[in-house]
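Below: the structure, in structure tokens.
2 protein chains.
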Amino acid sequence: MENGSYICAVNSIDMAKATRKKKDPDASAEEKILSAARAVFTRNGYAATTVRDIAAEADLNFSLVNYYFRSKEKLYDLVMKDAIRQLLSGIKDVLNDVHTTPEEKIDLVCVGWIDMLLVHPDLPLFVMNGVANSSNDITKELVENNVFLTSYFVKQLMELHGKGKLKIAPLHLVMNLVSMLTLPFVARHLLLKTGAIDMKIFKAMMEERKTQIPGWIKLMM
Amino acid sequence: MENGSYICAVNSIDMAKATRKKKDPDASAEEKILSAARAVFTRNGYAATTVRDIAAEADLNFSLVNYYFRSKEKLYDLVMKDAIRQLLSGIKDVLNDVHTTPEEKIDLVCVGWIDMLLVHPDLPLFVMNGVANSSNDITKELVENNVFLTSYFVKQLMELHGKGKLKIAPLHLVMNLVSMLTLPFVARHLLLKTGAIDMKIFKAMMEERKTQIPGWIKLMM
DNA sequence: AAATGTATTAAACAATTGTTCAAAAATAAT
DNA sequence: ATTATTTTTGAACAATTGTTTAATACATTT
């Protein structure tokens with residue numbers, strides 16, 4: 001890293017922190033804060049989260065949050081960028097594989113996406129809120145992990161659509177796929193709080209959808 | 001009523017500015033605060049909204065907010081309950097109509113729901129956030145407008161499903177319907193900010209989906 | 001052991017928050 | 001016109017916020 005870069009040297013105090021050597025094997029404080037921030041931000045959102053909440057979750061003095069991450073906002077941006085990557089980067093690889101058919105991609109995405117959401121069910125709502133009022137930094141992360149129009153999957157679909165071998169418009173197909181995969185997780189509190197279903201049934205349904213959604217999508221094709 | 005209630009269009013940035021100026025001078029202070037609260041809460045959420053923000057939006061002294069509504073939280077509960085009603089009560093009537101077939105209900109719900117969301121595109125995300133950390137009062141409003149398991153529509157579907165005249169499980173059908181209708185609005189900032197599509201294309205696609213979603217759903221049946 | 005650098009703590013900071021309250025202004029009732 | 005009631009205002013409040021800073025504890029290097 002360019003320690004001596006004059007641009008960085010302007011703010012020497014901040015840079016000392018930013019370029020701090022992590023040779024210490026006991027860097028658990030920074031890690032603990034980051035993972036605590038992930039938990040609290042995801043649970044309560046940016047505005048409802050305090051620096052002291054994060055420190056309490058990490059069981060550390062609250063000054064350490066600013067010591068390691070300089071500000072609440074910078075820490076949030078970090079967490080949000082990770083969340084976006086977690087949400088999108090997985091399906092990005094699948095959809096850009098040149099050796100699989102569109103049908104195979106759909107099968108893989110459905111299983112992978114739902115498996116991921118079963119582990120991180122709050123991620124979609126968290127990211128959607130973050131995107132709504134996003135900084136330039138976050139928008140950049142979005143573009144880099146964008147998968148909706150630039151993927152090889154969509155390219156394959158557009159080719160089929162041009163030949164008349166695909167009924168549905170590619171963008172509608174992607175919308176339907178993402179919608180059916182994601183919204184149940186976003187809206188699950190509504191189902192659970194009203195007593196419509198319980199958590200056990202919800203999980204079972206999501207397991208079913210791993211194989212059913214590909215079938216429904218293929219009916220549209 | 002319906003003067004200051006959720007007046008905003010799909011292009012929330014432009015419309016928010018346009019409608020912010022022309023406030024009804026004849027509206028009472030209480031009404032002005034309520035409609036201002038609707039706008040600010042829906043835009044920024046509960047925690048990021050201050051009583052002074054609401055008063056500024058209503059162009060009134062900030063003490064009047066507590067004078068008329070006793071507390072920020074009570075005002076928020078009021079707005080949230082209205083939002084839930086706005087979101088769910090419409091489709092509730094359609095789905096409980098004993099004189100229409102399931103197919104007819106699907107047609108009506110798709111048009112009505114998308115028309116509503118084109119006028120109030122921020123409503124789903126706002127309500128989903130509200131449900132996630134909801135009070136008993138709000139949960140009650142949810143149950144009363146619950147439509148997912150108690151509706152006549154689902155009853156019709158379960159009867160067909162029992163007779164083997166419906167392939168898809170009723171609950172999955174409802175999930176798919178609501179998902180395909182709603183998620184594009186929740187996730188639209190992601191599409192817009194990445195430059196995948198612009199607002200004009202988005203609106204056009206939503207118009208298409210009014211008639212296409214019923215077709216796709218019927219393929220699953 | 002001494003010196004140096006890093007990690008952690010506690011205290012303090014100004015700014016902002018929701019809420020209250022008494023006085024003032026406006027309106028209604030007598 | 002005088003009184004009574006309601007509406008509006010501005011100031012004040014205690015609590016909480018993110019951030020900074022100086023002092024302390026710990027670790028590593030010399």
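Sequence lines, in order, name chains G and B.
Just so it is clear: in the first sequence, position 150 is 150 by full-length UniProt numbering, and no numbers are missing.
Just so it is clear: in the second sequence, position 169 is 169 by full-length UniProt numbering, and no numbers are missing.
No residue lacks a Cβ here, since even glycine has one placed at the ideal position from N, Cα and C.
The model shown is predicted, which means the values in this text are computed figures rather than measured ones.
Within the chosen definition, does the segment 96-105 of chain B reach the segment 137-157 of chain B through at least 3 CB pairs nearer than 8 angstroms?
yes
What residues in its chain sit with their C-beta under 6 angstroms from that of B/Met-220, if we drop five residues either side in the sequence?
The residue you call residue 220 of chain B lines up with position 220 of the second sequence. Excluding sequence neighbours, B/Met-220 sits near Ile-168.
Among B/Asn-61, B/Leu-183, B/Tyr-46, which one has its Cα closest to the Cα of B/Arg-52?
Reading the second sequence from its first residue, position 52 is the one you call residue 52 of chain B. The option with the nearest alpha carbon to B/Arg-52 is B/Asn-61.
Excluding the five sequence neighbours on either side, which residues of its own chain have a C-beta within less than 7 angstroms of the C-beta of G/Trp-113, listed in chain order?
Taking the first residue of the first sequence as 1, we reach residue 113 of chain G at position 113. So the list reads Ile-91, Leu-181, once near-sequence residues are dropped.
Taking only beta-carbon atoms, is G/Leu-192 less than 7 angstroms away from chain B?
Walking along the first sequence from the start, residue 192 of chain G turns up at place 192. By this cut-off, G/Leu-192 is not an interface position.
Using beta-carbon positions only, say whether B/Gly-162 and B/Met-80 come within less than 7 angstroms of one another.
Residue numbering aside, residue 162 of chain B sits at position 162 when the second sequence is read from its first letter. Residue numbering aside, residue 80 of chain B sits at position 80 when the second sequence is read from its first letter. Contact: no.
Pull up the CB-CB distance for residue 225 of chain G and G/Phe-41, whole angstroms please, since I reckon it's below 8 angstroms.
Examination of residue 225 of chain G is not possible in this model, given that chain G is present from 1 through 221 alone.
Name, going along the chain, the residues of the segment 137-151 of chain G whose beta-carbon falls closer than 8 angstroms to a beta-carbon of chain B.
Thr-139, Leu-142, Val-143, Asn-146, Phe-148, Leu-149
Closer than 7 angstroms to chain B by CB, G/Trp-216
One-based indexing of the first sequence puts residue 216 of chain G at position 216. Taking Cβ atoms only, chain B reaches closer than 7 angstroms to G/Trp-216, which makes this a yes.
Are B/Val-127 and B/Ile-84 touching if we call contact CB-CB under 7 angstroms?
Translated into positions along the second sequence, residue 127 of chain B becomes position 127. Translated into positions along the second sequence, residue 84 of chain B becomes position 84. Contact flag set, yes.
Minimum Cβ-Cβ distance from B/Val-131 to chain G less than 7 angstroms:
Indexing the second sequence from 1 puts residue 131 of chain B at position 131. Closer than 7 angstroms: yes.
My output table needs one value for G/Asn-129: the three-state DSSP class, helix, strand or coil.
Along the first sequence, read from residue 1 onward, the residue named residue 129 of chain G stands at position 129. Helix at G/Asn-129.
Counting only Cβ pairs nearer than 9 angstroms, list the residues of chain B close to G/Met-205.
Along the first sequence, read from residue 1 onward, the residue named residue 205 of chain G stands at position 205. Under the 9 angstroms cutoff, chain B gives Ala-169, Leu-171, His-172, Met-175.
Out of curiosity, what's the CA-to-CA distance linking G/Ile-138 and B/Lys-74?
Residue mapping note: residue 138 of chain G aligns to position 138 of the first sequence, counting from 1. Residue mapping note: residue 74 of chain B aligns to position 74 of the second sequence, counting from 1. Between G/Ile-138 and B/Lys-74, the C-alpha separation is close to 34 angstroms.
Starting from the beta carbon of B/Met-199, find every residue of chain G whose beta carbon is closer than 9 angstroms, and list them in chain order.
The residue given as residue 199 of chain B occupies position 199 in the second sequence. What B/Met-199 touches in chain G: nothing, since even the nearest Cβ is about 15 angstroms away.
Mind checking if B/Thr-211 is an interface residue toward chain G, Cβ cutoff 7 angstroms exclusive?
Taking the first residue of the second sequence as 1, we reach residue 211 of chain B at position 211. Taking Cβ atoms only, chain G never reaches closer than 7 angstroms to B/Thr-211, which makes this a no.
Rounding to the nearest angstrom, what Cα-Cα distance links G/Lys-210 and G/Tyr-152 in this structure?
Taking the first sequence and counting its residues from 1, the one referred to as residue 210 of chain G is at position 210. Taking the first sequence and counting its residues from 1, the one referred to as residue 152 of chain G is at position 152. The alpha-carbon atoms of G/Lys-210 and G/Tyr-152 are separated by roughly 22 angstroms.
Smallest Cα separation from G/Asn-176: which of G/Asn-96, G/Ser-134, G/Cys-110?
If you number the first sequence from 1, residue 176 of chain G lands on position 176. Ranking the options by Cα distance to G/Asn-176, first place goes to G/Cys-110.
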